[in-house]
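For reference, the structure discussed in these notes is given below.
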Amino acid sequence: MPEPERISMAFEHVSATVGTEDVVLEAEVSVDGTLVAECGFLYGDSEDNMVEVSAQMADGRFSKSVGDLNYQQEYVYMAYVGNGKNRLHSDKHTFIAPSRPDMYLSVNELNVGPSGGTYEVTVRHGDLYDV
């Protein structure tokens, strides 16, 4: 029985950048001549509950933005690369999902009379504005 083809790669860098609404997972590998057929990340709120997301590699680097996370939840993640037969996983890392963006409410009186008035209400949620 032939021995499985080994993956000759090493993870140089794996990180997570937490934004206001999402998290960007990033990885860099030294390929060392191995053909990469797949790459991506596994992440979840526990090691037993991980979701797989694929990415596209360019020059040994790949990244993926993940959203729809629970605010302030700690997540576990790791990168993977594969040659179609075997996979190599990075060490496990953690990140904490973004905090809920602050909400602001401002009220301006536009026209006030004896029986009521007209007001302008502005709600600021993160960088989004609703009037």
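Using my numbering, the first residue of the sequence shown is number 553, and each one after it goes up by one.
Idealized CB from N, CA, C, for every residue including glycine.
Can you name the residues that DSSP bridges to residue i?
i	result
residue 610	613
residue 602	596
residue 619	None, per the DSSP bridge assignment.
residue 590	634
residue 578	567, 615
residue 649	In the DSSP output, where bridge partners are listed per residue, residue 649 has none listed.
Note down the Cα distance separating residue i from residue j, rounded to an integer number of angstroms.
i	j	result
residue 622	residue 633	27 angstroms
residue 683	residue 650	Here residue 683 scores only 44 on pLDDT, less than 50, and its place in the model should not be relied on; the value that follows carries that caveat. Each residue's alpha carbon lies about 25 angstroms from the other.
residue 669	residue 658	16 angstroms
residue 626	residue 570	12 angstroms
residue 631	residue 592	6 angstroms
residue 583	residue 608	14 angstroms
residue 646	residue 673	40 angstroms
residue 602	residue 613	22 angstroms
residue 616	residue 642	15 angstroms
residue 604	residue 652	25 angstroms
What do you reckon, are the CB atoms on residue i and residue j nearer than 9 angstroms?
i	j	result
residue 588	residue 577	no
residue 636	residue 580	no
residue 568	residue 629	yes
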